[in-house]
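Asks: Dropping a structure here in C-alpha cells format, bear with me for questions.
In the working numbering, the protein residues as written are 29 to 95.
Take a look at the structure:
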C-alpha cells in the first residue's frame, strides 16, 4: 500500500514540485491511496489536464504536501 518514488522524470511537474527519490506517496489530493490499484493511483497523480494535484509524501519521519 505504498508507492516509493525511484526518480522523478527530468523536467516533470513532480521534479519541479520537489518530489525526491525515496519519497513515499501516501495521499493524492488529501485522499489516502491505501487499497488502491497502482494504475488508479497513477491516474490520480497525473490528474486532469491543466489541473494541480497535491501529493502527500512521507520523507523520512516527516509527512509533507507537495503541489
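We treat Cβ as the ideally placed atom computed from N, Cα and C, and that holds for glycine.
(1) Let me check understanding here. Comparing Cα to Cα, which of 86, 90 and 35 lies closest to residue 61?
(2) May I have the straight-line CA-CA distance separating residue 53 from residue 39, to the nearest angstrom?
(3) Rounded to whole angstroms, how far is the Cβ of residue 91 from the Cβ of residue 82, which I believe are closer than 8 Å?
(4) Between the Cα of residue 49 and the Cα atoms of 59, 31 and 78, which residue gives the shortest distance?
(5) Need the endpoints of the alpha helix (DSSP H) that residue 70 sits in, please.
Replies: For this structure:
(1) The sequence position of residue 61 within the chain shown is 33, counting from 1. That would be 86, whose Cα lies nearest to the Cα of residue 61.
(2) In the chain shown, residue 53 corresponds to position 25, counting from 1. In the chain shown, residue 39 corresponds to position 11, counting from 1. Those two C-alpha atoms are separated by around 19 Å.
(3) Numbered from 1 along the chain shown, position 63 holds the residue referred to as residue 91. Numbered from 1 along the chain shown, position 54 holds the residue referred to as residue 82. About 12 Å separates the two Cβ atoms, so there is no contact after all.
(4) Working through the chain shown from its first residue, we reach residue 49 at position 21. The candidate whose alpha carbon is nearest that of residue 49 is 31.
(5) Your numbering for residue 70 matches position 42 in the chain shown. Per DSSP, residue 70 belongs to the alpha helix (DSSP H) from 66-74.
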